[in-house]
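Report on one structure; see the data block that follows.
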């Protein structure tokens, strides 16, 4: 476990420490990511956590203040589905540490992939991500031709 300091109290990071759906919902509601997640669908949020296979969390005391939730094969690629930091603590290095710890949990040649929230488009190049212009999303089977 790595420790980093924040302005108020020490931030502690944990790898694959289980969190509840309610903890996750509470954190996401304190971020812009919450508007794009099904926070009113407890079963879906529980499945999101259950089926993720890499979870890095940041804690300030007993409070969950950051999450990096990923799905990975631990060989070729890792999809960082949710990177969320309580807005009151953003710009303190928590997000970058969550990304670093996610990458450190993977083999060197395993790519870390994400889709940016609109508000974070400028953030990812600043911490070393390279823009990729050929990502595609299919959410509705009816759109498959």
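In my numbering, the protein residues as written are 2 to 146.
Heads up, the beta-carbon is just placed ideally off N, CA and C, and yes, glycines get one too.
A quick note: this is a predicted structure, and the numbers were derived from the prediction, not measured.
Inset, instruction - Give the secondary structure of residue 114 by DSSP, where H, G and I count as helix, E and B as strand, and everything else as coil. - result: Looking at residue 114 - three-state DSSP - the assignment turns out to be strand.
Inset, instruction - Out of 93, 112 and 10, point me to the one whose CA is closest to residue 71's CA. - result: The residue with the shortest Cα to Cα distance from residue 71 is 112.
Legend entry - Delimiting residues of the beta strand (DSSP E) encompassing residue 15: Note, residue 15: beta strand (DSSP E), 12-16.
Inset, instruction - Whole angstroms is fine: what's the gap from residue 194's alpha carbon to residue 96's? - result: Because the chain in this structure spans residues 2 to 146, residue 194 falls outside the shown range and cannot be described.
Inset, instruction - Determine the closest residue to residue 117 out of 82, 93, 110 and 20, with distance taken between C-alpha atoms. - result: The option with the nearest alpha carbon to residue 117 is 82.
Inset, instruction - Could you tell me if residue 122 is buried or exposed, where buried requires 16 or more neighbouring beta carbons within 10 angstroms of its beta carbon? - result: Its Cβ having fewer than 16 others within 10 Å, residue 122 is exposed.
Legend entry - Backbone CA spacing between residue 14 and residue 131 [nearest angstrom]: Distance from the CA of residue 14 to the CA of residue 131, rounded to the nearest whole angstrom, comes to 25 Å.
Legend entry - Test item: CB-CB of residue 69 and residue 57 under 8 Å: Taking C-beta atoms as the reference points, residue 69 and residue 57 count as a pair closer than 8 Å.
Legend entry - Distance, residue 66 Cα to residue 90 Cα: Roughly 8 Å between the two C-alpha positions.
Legend entry - Cutoff 7 Å; reference residue 92; Cβ partners in own chain excluding five residues on either side: Close CB contacts of residue 92 within its chain, under the 7 Å cut and outside five residues either way in sequence, are absent.
Inset, instruction - Return helix, strand or coil for residue 84, following the three-state DSSP convention. - result: Of the three classes helix, strand and coil, the one that applies to residue 84 here is strand, per DSSP.
Legend entry - Contact check, residue 61 vs residue 20, beta carbons under 8 Å: No, the Cβ-Cβ distance between residue 61 and residue 20 is not below 8 Å.
Inset, instruction - Tell whether a beta-carbon distance below 8 Å holds between residue 22 and residue 55. - result: If you check the CB distance, residue 22 and residue 55 do not come in under 8 Å.
Legend entry - Reduced DSSP category for residue 33 - H, G, I as helix; E, B as strand; rest coil: Note: residue 33 maps to helix in three-state DSSP.
Inset, instruction - Please check the pair residue 43 and residue 29, which I expect to be a contact at CB under 8 Å, by giving their CB distance rounded to whole angstroms. - result: Not quite, the Cβ-Cβ distance comes to about 13 Å (not below 8 Å), so this is no contact.
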